[in-house]
Amino acid sequence: MASQWGKLRNLLRCMAKSKKKSRLSEDQLRRIFKAHDKNGDGCLDKEELKEAFRALGARVPGYRADYAIHYTDIDLDGVINENEIDHLVSYAIQFGYTLD
Numbered sequence: 095m096a097s098q099w100g101k102l103r104n105l106l107r108c109m110a111k112s113k114k115k116s117r118l119s120e121d122q123l124r125r126i127f128k129a130h131d132k133n134g135d136g137c138l139d140k141e142e143l144k145e146a147f148r149a150l151g152a153r154v155p156g157y158r159a160d161y162a163i164h165y166t167d168i169d170l171d172g173v174i175n176e177n178e179i180d181h182l183v184s185y186a187i188q189f190g191y192t193l194d
């Protein structure tokens with residue numbers, strides 16, 4: 095019985111040390127992107143996207159912003175509007191951004 099307790103204790107210690115960070119949900123990503131609409135026009139331009147990806151911890155936020163516009167800008171107006179935000183979230187979620 096004592097050896098089982100010791101194994102359980104060691105397992106719990108290992109789990110506590112290797113706790114994975116929680117991935118951001120779609121809703122959390124959506125809120126983060128909307129918070130980066132600095133001029134309040136309801137759209138995210140390249141600079142606003144770049145800052146959002148920087149805040150998310152992207153290694154190359156400018157590249158992420160460029161590719162996000164390419165991937166999600168359905169009407170090709172150069173910005174991500176309210177109708178395209180779900181596509182932006184789908185693009186971003188694949189990278190597994192986490193809470194710090």
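Numbering (the numbering used here), first residue to last: 95 to 194.
Built from N, CA and C at the ideal position, the CB exists for glycine as well.
Cβ neighbours of residue i in the same chain (closer than 8 angstroms, five flanking residues each side left out)
{"i": "V183", "result": "E120, L123, R124 and F127"}
{"i": "K163", "result": "One point to set straight first is that residue 163 is Ile, not Lys, in the sequence displayed. If we look at I163 and ignore the five residues flanking it on each side, its Cβ neighbours are K140, L143, G172, V173 and I174."}
Counted within 10 angstroms of its Cβ, other Cβ atoms place residue i as buried (16 or more) or exposed
{"i": "D131", "result": "buried"}
{"i": "M109", "result": "Low confidence applies here, because M109 scores a pLDDT of 48, under 50, leaving its location unreliable; read the following figure in that light. M109 comes out exposed."}
Opposing strand residues paired with residue i [DSSP bridges]
{"i": "T192", "result": "R117"}
{"i": "L138", "result": "I174"}
Neighbourhood of residue i by C-beta distance below 7 angstroms, restricted to the same chain and skipping five residues each side
{"i": "E145", "result": "H130"}
{"i": "P155", "result": "K144, F147 and R148"}
Contacts around residue i, its chain only, beta-carbon distance under 6 angstroms, and the 5 residues preceding and following it disregarded
{"i": "S112", "result": "Model confidence at S112 stands at a pLDDT of 49, short of 50, so the residue's coordinates are unreliable; what they give is reported in the following sentence. Around S112: no qualifying Cβ."}
{"i": "H181", "result": "T166"}
{"i": "C137", "result": "V173 and N175"}
Presumed contact (8 angstroms Cβ cut-off) between residue i and residue j, rounded CB distance
{"i": "L118", "j": "Y191", "result": "5 angstroms"}
{"i": "L193", "j": "S116", "result": "5 angstroms"}
{"i": "I168", "j": "E178", "result": "6 angstroms"}
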